[in-house]
Amino acid sequence: MSTGFFDGIPAIAYEGPDSTNPLAFHHYNPDETVMGKRMEDHLRFAVAYWHSFAWEGGDPFGGQTFVRPWHPQDDMGRAKMKADVAFEMFDILDAPFFCWHDADIRPEQGNYADNLATLNEITDYIGEKMESSRTRLLWGTANMFSHRRWMSGASTNPDPDVFAFAAATVKSCMDATHKLGGANYVLWGGREGYETLLNTDLTQELDHMGRFLSMVVDYKHKIGFEGQILVEPKPQEPSKHQYDFDVATCIGFLRKYGLETEVKLNIEQGHAILAGHSFEHELALAASEGMLGSIDMNRNDYQSGWDTDQFPNNTPEVALAYYHVLKSGGFTQGGTNFDAKLRRQSIDAEDLVAAHVGGMDICARGLKAAAAMIEDGGLEKALSDRYAGWQSPEAQAMLTSDLGSITQRVLDDGINPEPRSGRQEILENYVNRFV
Numbered sequence: 027m028s029t030g031f032f033d034g035i036p037a038i039a040y041e042g043p044d045s046t047n048p049l050a051f052h053h054y055n056p057d058e059t060v061m062g063k064r065m066e067d068h069l070r071f072a073v074a075y076w077h078s079f080a081w082e083g084g085d086p087f088g089g090q091t092f093v094r095p096w097h098p099q100d101d102m103g104r105a106k107m108k109a110d111v112a113f114e115m116f117d118i119l120d121a122p123f124f125c126w127h128d129a130d131i132r133p134e135q136g137n138y139a140d141n142l143a144t145l146n147e148i149t150d151y152i153g154e155k156m157e158s159s160r161t162r163l164l165w166g167t168a169n170m171f172s173h174r175r176w177m178s179g180a181s182t183n184p185d186p187d188v189f190a191f192a193a194a195t196v197k198s199c200m201d202a203t204h205k206l207g208g209a210n211y212v213l214w215g216g217r218e219g220y221e222t223l224l225n226t227d228l229t230q231e232l233d234h235m236g237r238f239l240s241m242v243v244d245y246k247h248k249i250g251f252e253g254q255i256l257v258e259p260k261p262q263e264p265s266k267h268q269y270d271f272d273v274a275t276c277i278g279f280l281r282k283y284g285l286e287t288e289v290k291l292n293i294e295q296g297h298a299i300l301a302g303h304s305f306e307h308e309l310a311l312a313a314s315e316g317m318l319g320s321i322d323m324n325r326n327d328y329q330s331g332w333d334t335d336q337f338p339n340n341t342p343e344v345a346l347a348y349y350h351v352l353k354s355g356g357f358t359q360g361g362t363n364f365d366a367k368l369r370r371q372s373i374d375a376e377d378l379v380a381a382h383v384g385g386m387d388i389c390a391r392g393l394k395a396a397a398a399m400i401e402d403g404g405l406e407k408a409l410s411d412r413y414a415g416w417q418s419p420e421a422q423a424m425l426t427s428d429l430g431s432i433t434q435r436v437l438d439d440g441i442n443p444e445p446r447s448g449r450q451e452i453l454e455n456y457v458n459r460f461v
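All you need for my numbering is the position in the sequence shown, starting with 1, plus 26.
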């Protein structure tokens with residue numbers, strides 16, 4: 027039975043690039059074959075429960091602008107209404123996946139026992155909704171950053187009782203994710219960092235965070251959860267010094283605690299920007315280390331200093347992102363989650379649907395451009411040409427040699443290299459042929 031929230035909004039269909047219908051797909055055709063695979067199976071779109079249904083339209087300088095019938099989310103009646111509305115939108119979009127934090131789907135009760143009871147209740151309710159929907163769960167996670175109990179971190183908290191509360195919370199969320207058939211479980215360390223070293227024991231906090239994540243991996247195997255465990259790099263916001271600052275930091279952390287074969291990364295465009303990187307850099311680095319698991323597809327406002335979580339609208343950026351996803355072999359259990367929210371002035375139900383339609387279309391355009399570049403092979407040829415000198419026996423021998431022997435070869439052969447062009451502008455022009 028319809029909630030009425032999306033009344034008048036039809037199921038979204040693919041109408042092609044010539045359509046002028048704002049509520050139609052112009053580029054996202056789920057059944058279109060790209061590099062031998064259905065477009066839907068490449069992209070694996072997921073609607074984010076928190077920004078789409080839980081968020082009330084606030085920003086750092088102002089409060090609620092969205093007035094929804096399920097706000098405030100303070101009782102199970104509203105939680106179930108929110109689930110009804112969510113699955114209506116999943117059906118309108120024919121979305122293959124969704125994802126959530128526990129605090130998105132259940133009301134906060136103030137204590138663990140009641141939080142567990144409401145989580146179990148809403149998990150059962152969502153499970154019933156899934157029986158009549160094709161939408162599956164991409165991942166679940168625990169919100170361990172919003173409530174005041176997390177103000178000094180979760181697994182890194184100086185209070186052992188908070189560590190215990192966090193462990194119990196993650197266990198319950200892993201159980202819920204497993205019960206709903208989730209393909210991944212994500213840990214997003216929103217406050218795993220510090221504001222000042224005056225009151226911080228870095229060594230202890232990092233060790234506790236490493237031990238906590240090891241417990242998560244152990245529990246995954248104990249319950250037979252076959253999904254990926256993912257951590258999400260997150261710089262600066264809200265803590266100034268995040269322990270999971272960027273991909274490189276996370277890789278170093280995972281290796282330090284022996285978790286590099288058990289845990290992969292969920293990488294967000296907006297977080298990459300906050301860390302001073304490009305999205306493609308973070309994806310390429312994770313892929314090079316075999317740790318690319320899933321992505322949060324959004325964008326930041328380059329003139330704002332916080333994580334604005336806007337829907338993607340930049341085809342060249344998205345194309346380069348999917349170029350590295352495809353180069354790495356594509357998603358297996360991960361996918362494309364829209365960790366994106368409407369602007370505070372976009373208050374209508376139609377805005378929410380249109381935002382996802384546009385984001386899905388941009389990703390489809392980017393995917394097709396990325397596939398075309400890979401099939402053309404121009405970038406790979408340019409890389410091969412640039413590093414061709416390393417294929418010679420003399421160059422390969424240097425890698426197992428020593429400084430003295432190399433120096434003698436430079437003297438004997440009169441090596442005096444001239445710089446060679448990096449051809450950056452030519453390659454940028456090449457990319458622009460496809461996007």
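Just so you know, even glycine gets a beta-carbon here, dropped at the ideal spot from N, CA and C. Remember, it's a predicted structure, so these values are computed and weren't measured experimentally.
Residues near residue i by beta carbon distance below 6 Å, same chain, minus five either side
{"i": "F460", "result": "A395, A398, M399"}
{"i": "Q268", "result": "G219, K260, P261"}
{"i": "A345", "result": "G392, A395, A396, V461"}
{"i": "A72", "result": "F123, F124, C125, L164, G361, N363"}
{"i": "D100", "result": "P133"}
{"i": "V371", "result": "Strictly speaking, residue 371 in this sequence is Gln, with Val absent from that position. Result list for Q371: empty, nothing under 6 Å."}
{"i": "F357", "result": "R70"}
Close beta carbons around residue i, own chain, < 8 Å, minus the five adjacent residues each side
{"i": "K205", "result": "T149, G153"}
{"i": "D387", "result": "F51, H52, H53, Y54"}
{"i": "Q90", "result": "E82, G83, G84, H97"}
{"i": "D333", "result": "E263, G296, H297, L300, N326"}
For residue i, three-class secondary structure by DSSP
{"i": "S431", "result": "helix"}
{"i": "A366", "result": "coil"}
{"i": "A312", "result": "helix"}
{"i": "Y220", "result": "strand"}
{"i": "Y40", "result": "strand"}
{"i": "G284", "result": "coil"}
{"i": "A347", "result": "helix"}
{"i": "E252", "result": "coil"}
{"i": "S78", "result": "helix"}
{"i": "Y413", "result": "coil"}
{"i": "F113", "result": "helix"}
{"i": "W176", "result": "helix"}
{"i": "F279", "result": "helix"}
{"i": "S447", "result": "coil"}
{"i": "Q371", "result": "coil"}
{"i": "D85", "result": "strand"}
{"i": "K353", "result": "helix"}
{"i": "Q135", "result": "coil"}
{"i": "Q90", "result": "coil"}
{"i": "H127", "result": "strand"}
{"i": "K260", "result": "coil"}
{"i": "F171", "result": "coil"}
{"i": "R160", "result": "coil"}
{"i": "V73", "result": "strand"}
{"i": "T203", "result": "helix"}
{"i": "F51", "result": "strand"}
Beta-carbon spacing of residue i, residue j below 9 Å
{"i": "M235", "j": "T167", "result": "no"}
{"i": "M61", "j": "L352", "result": "yes"}
{"i": "S320", "j": "I293", "result": "yes"}
{"i": "L311", "j": "Y283", "result": "no"}
{"i": "E306", "j": "E343", "result": "yes"}
{"i": "E401", "j": "D322", "result": "no"}
{"i": "T46", "j": "D117", "result": "no"}
{"i": "L453", "j": "L378", "result": "no"}
{"i": "W76", "j": "N141", "result": "no"}
{"i": "R435", "j": "E420", "result": "yes"}
{"i": "V111", "j": "T29", "result": "yes"}
{"i": "D120", "j": "I249", "result": "no"}
{"i": "Y211", "j": "I255", "result": "yes"}
{"i": "A408", "j": "F31", "result": "no"}
{"i": "K106", "j": "Y151", "result": "yes"}
{"i": "N339", "j": "G385", "result": "yes"}
{"i": "T203", "j": "F251", "result": "yes"}
{"i": "D272", "j": "H303", "result": "yes"}
{"i": "M241", "j": "A193", "result": "yes"}
Residues near residue i by beta carbon distance below 7 Å, same chain, minus five either side
{"i": "P48", "result": "A380"}
Strand pairing of residue i, partner residues [DSSP]
{"i": "Y211", "result": "G166, I255"}
{"i": "I321", "result": "I293, T362"}
{"i": "Q336", "result": "R325"}
{"i": "Q268", "result": "G219"}
Test: residue i CB closer than 9 Å to a CB of chain D
{"i": "A192", "result": "As a matter of chain content, chain D is missing from the structure shown, which is built from one protein chain."}
Segment contact flag, the stretch 138-146 with the stretch 57-74, C-beta cutoff 8 Å, min 3 pairs: They do not touch, by the three-pair rule.
If contact is defined by three or more beta carbon pairs under 8 Å, each pair taking one atom from either stretch, is the stretch 355-367 in contact with the stretch 406-416? Using a C-beta cut-off of 8 Å, the stretch 406-416 makes no contact with the stretch 355-367, since fewer than three inter-stretch Cβ pairs fall below that distance.
The stretch 176-183 contacting the stretch 211-227, beta-carbon criterion three pairs below 8 Å: At 8 Å Cβ cutoff, the stretches touch.
Does the count of Cβ pairs from the stretch 113-131 and the stretch 73-83 closer than 8 Å reach three? Taking 8 Å as the limit for Cβ pairs, the verdict is that the stretch 73-83 does touch the stretch 113-131.
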